[in-house]
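*Asks:*
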Amino acid sequence: MVICIGQFEDRFYCPNLQCGRNYKNKCSLTYHINNECGVNPKFKCIFCSKTSSRSSNLKRHMISVHKRIH
Numbered sequence: 000m001v002i003c004i005g006q007f008e009d010r011f012y013c014p015n016l017q018c019g020r021n022y023k024n025k026c027s028l029t030y031h032i033n034n035e036c037g038v039n040p041k042f043k044c045i046f047c048s049k050t051s052s053r054s055s056n057l058k059r060h061m062i063s064v065h066k067r068i069h
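Heads up: the sequence shown at position 43 corresponds to 42 in numbering that gives the first Met the number 0, and the numbers run straight through without jumps.
1. So if DSSP puts K43 in a beta bridge, which residue, or which two residues, is it bridged to?
2. What number of angstroms, rounded off, separates the C-alpha of I45 from the C-alpha of I68?
3. When DSSP labels each residue in this structure, what does N33 get in the three-state scheme?
4. Could you please give me the residues that DSSP links to N21 through a beta bridge?
5. Take T29 as the anchor and find which of F11, L16, F42 has the nearest alpha-carbon.
6. Can you tell which of N24, K23, G19, S55 has the C-alpha that lies nearest to the C-alpha of F42?
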């Protein structure tokens, strides 16, 4: 269960004080809390040392930085 902690100017903030992430919608915050915050990244670029908690972010990185995808 996710509880909305603090909404300021239509932003939702992560309750983890060391994190500092904020999102435009509650769904993104919920995903962050359940899958990213305090969790080691699951995905690693095969071309460099970049890591990511989301495969879509890593795919975007590989296309924009390395101009290719695995």
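C-beta: ideal position from N, C-alpha, C; glycine also.
Because the structure is a prediction, the values reported are computed rather than measured.
*Replies:* The short version:
1. As a position in the sequence shown, residue 43 is number 44, starting the count at 1. Per DSSP, T50.
2. Working through the sequence shown from its first residue, we reach residue 45 at position 46. Working through the sequence shown from its first residue, we reach residue 68 at position 69. C-alpha separation (whole angstroms): 9 Å.
3. Indexing the sequence shown from 1 puts residue 33 at position 34. DSSP places N33 in helix when its eight states are reduced to three.
4. Position 22 of the sequence shown holds residue 21. In the DSSP output, where bridge partners are listed per residue, N21 has Y12.
5. On the sequence shown, residue 29 is found 30 positions in, with the first residue counted as 1. Nearest of F11, L16, F42 to T29, Cα basis: F11.
6. Numbered from 1 along the sequence shown, position 43 holds the residue referred to as residue 42. Taking each of N24, K23, G19, S55 in turn and checking the Cα distance to F42, the smallest one comes out for S55.
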